[in-house]
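Numbering (our numbering), first residue to last: 32 to 373. Step one of this worksheet: look at the structure below.
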């Protein structure tokens, strides 16, 4: 018997005991069944974990190190799950934006998520909405008030495509009901069945989307899920000796950036001069695990834009709060905006 089966059996037994006992509380008062109490606790846990930004940079980086190319590589995806106020939809609603290759404008999916408790399923239910007019809400992550007055008439949802989350004592498993989520594809002239399997912890979300036809043939999807880690943001400053971009400049002249933001999952931030032109250099911050040491590190690198090569880098512990680099002609300093969740 697996750990999950044992957990499910124990929960069912406790629920049955509570029901047959009339759920009597102190002084004969009737309280909530044990299963309901557990679901409420799980709901609070999921909400405390879910919100944030996630990225699978290390997964893609490792596949490149391993020599994978083309379709064998997972897509590099950044996920934004932002809690928003949308009274017409309900509490516990999230604006979702997902984009590729670190390009904020390369949005491939935009949704509204609504979480509720579903005692009948003994699970937390996620109802997924798409926007009829996506462009109106494209920048909700920067201005959450855009979503405040949205109504159900402005959204679409497909019955049967709900995701059900259950906590197994270590993480949340998310799944769709078997063959419940499907649609007819006019392109392939087939009924397409979607499966969505997920895993959520305090620091990661794994997402596995697959589609099959009625004969069980895979239309799209991977056997290995996208493994995304919650990002951690840093505030920083940086300076670059102007002679690096203008040979006629005096040695004491510098390009100085007073403040910028960067996250620790592979984000690259270009260095601009005073009038907004690129200097030809960028900085990158990435949490990585080199295979010869198996030791996770936090790497701060300087990239030469023309070649894409890392000129130099420093590394520190993944939980470091402050990082810095000084090459004489280039300097950068970073300070974490939140503690690391390791």
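Where a beta carbon is used, it is the ideal one built from N, C-alpha and C, also for glycine.
Following the continuous beta strand (DSSP E) through residue i, name the residue where it begins and the one where it ends.
i	result
residue 115	108-115
residue 362	361-367
residue 141	138-149
residue 167	Premise fails: residue 167 is in no beta strand (DSSP E) and is neither H nor E.
residue 125	124-131
residue 290	285-294
residue 347	340-347
residue 318	309-321
residue 327	326-335
residue 266	264-272
Give me the residue from the options with the minimum Cα distance to residue i.
i	options	result
residue 108	87, 186 and 317	87
residue 74	173, 178, 196 and 161	196
residue 194	159, 179 and 223	159
residue 331	319, 344 and 324	344
residue 245	191, 254, 101 and 223	223
residue 352	360, 175 and 370	370
residue 277	310, 301, 140 and 213	310
residue 349	340, 367, 68 and 333	367
residue 69	198, 123, 79 and 165	198
residue 121	282, 233 and 182	182
residue 315	113, 125, 325 and 339	339
residue 207	200, 217, 191 and 219	191
residue 154	77, 129 and 320	77
residue 67	92, 98 and 148	148
residue 156	346, 111, 124 and 98	124
residue 146	137, 250, 136 and 117	117
residue 176	94, 115 and 89	115
residue 296	280, 281 and 317	317
residue 256	110, 356 and 240	240
residue 454	286, 211, 152 and 319	Nothing can be reported for residue 454: it is not among the residues displayed for the chain, which extend from 32 to 373.
residue 82	110, 96 and 99	110
residue 71	96, 262 and 150	150
residue 189	211, 251 and 313	211
What are the boundary residues of the alpha helix (DSSP H) that residue i is part of?
i	result
residue 93	88-96
Just to check my reading of the structure: residue i and residue j have Cβ atoms closer than 8 Å, yes? What is that Cβ distance to the nearest angstrom?
i	j	result
residue 133	residue 299	6 Å
residue 14	residue 186	With the chain running from 32 to 373 in the structure shown, residue 14 is simply not present.
residue 259	residue 236	5 Å
residue 80	residue 233	5 Å
residue 336	residue 312	6 Å
Quick one: does residue i have its CB under 9 Å from some CB of chain D?
i	result
residue 336	The structure shown has no chain D; it contains just one protein chain.
- Message: Tell me whether the region 352-367 and the region 268-282 touch, counting them as touching only if at least three CB pairs, one residue from each stretch, are closer than 8 Å.
- Response: yes
- Message: For the pair the region 254-269 and the region 283-292, tell me if three or more CB-CB distances fall below 8 Å.
- Response: yes
- Along the chain, which unbroken stretches of the beta strand (DSSP E) at least 3 residues long are found entirely within the region 185-262? 194-198, 203-206, 213-216, 221-231, 235-244, 249-252 and 257-261
- Task: Report yes or no: do three or more beta-carbon pairs, one from the region 165-179 and one from the region 139-153, lie closer than 8 Å?
- Result: yes
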